[in-house]
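See structure below.
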Amino acid sequence: MTSPAELKNDEKTADKPRDDGRGNGDPRAATPNGVAARRNAPPLPDKAGVSLVTDTGKTKIADSVVAKIAGLAARDIPGVYSMGTGMARRVGQLRSLIPGSNDPASGASQGVSVEVGEKEAAIDLDVVTWYGQSIVEVTGAVREHVIDQVENMTGLKVVEVNISVGDIQVEAEQPAPAVEARVQ
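Heads up: the sequence shown begins at 11 in our numbering, then just goes up one per residue.
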């Protein structure tokens, strides 16, 4: 039973916009069905290992969703040039030439392989780093960020993130300056 003091407190805050974690006011106004977008919101505390099966239903998260989250999270880390093996990157480059395929998330799962169970996920990543970067530091940061993002967004416990560095990218050399013609 709600006390009069609790009702009074609820009335005071009922008309105030609620913070959605990004300083944007009422999260119910963020989308038509009242579900706020949380992509840039702070991570939810201790969501890993929560049950995706409840008395009111079961939540199944597709492998492709976990792969996309992991791929986007890996690309967030400075030092990661691209994802995927050489052939997969070339196919991705060709795909980007097709009109209408400019969606940056369309290739988000390139270089990502996942196995998703009811409570756990295992992730394999193929990455390309920049020359001069510490591969140990880059892969450590990738592993930590991927685990954080997947666990916070899905509630799945990430049991392993295996990373294969298949190549390094060397910055392209600057072309020689054009020599001006003596006669114009």
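We put the CB at the ideal spot given by N, CA and C, even for glycine.
Per DSSP, the bridge partner or partners of residue i
i	result
D136	S174
V168	A131
M163	DSSP output for M163 lists no bridge partner at all.
E181	Its beta-bridge partners do not exist; DSSP assigns none.
E125	A132
V146	DSSP output for V146 lists no bridge partner at all.
As assigned by DSSP and simplified to three states, the class of residue i
i	result
K78	helix
V45	Residue confidence is low: V45 scores 37 on pLDDT, short of 50, so the model does not pin down where it sits. Its coordinate-derived value is still stated next. V45 falls in the coil class under three-state DSSP.
G67	strand
R38	Residue confidence is low: R38 scores 36 on pLDDT, short of 50, so the model does not pin down where it sits. Its coordinate-derived value is still stated next. In this structure, R38 counts as helix in the three-state DSSP scheme.
V156	helix
L54	Unreliable placement is indicated for L54, whose pLDDT of 43 sits below 50; the coordinate value is still reported in the next sentence. It is coil, neither helix nor strand.
R32	Residue placement at R32 is poorly supported in this model, since its pLDDT is 39, which falls under 50; the coordinates still yield a value, given next. Coil, per DSSP.
Cβ pair residue i, residue j closer than 8 Å
i	j	result
M93	L135	yes
V160	A84	no
V90	V156	no
L166	K129	yes
T149	V124	no
I173	V126	no
Alpha-carbon spacing of residue i relative to residue j, whole angstroms
i	j	result
I133	A182	31 Å
E147	T139	11 Å
K70	G121	23 Å
E154	I87	10 Å
D158	V169	12 Å
S119	K68	25 Å
Q179	D65	50 Å
D177	V63	41 Å
A131	G117	20 Å
V171	T95	17 Å
_Any 3 or more C-beta pairs closer than 8 Å across the region 136 to 145 and the region 68 to 81_ = Three or more beta-carbon pairs separated by less than 8 Å are not found between the region 136 to 145 and the region 68 to 81, which leaves the two stretches without contact.
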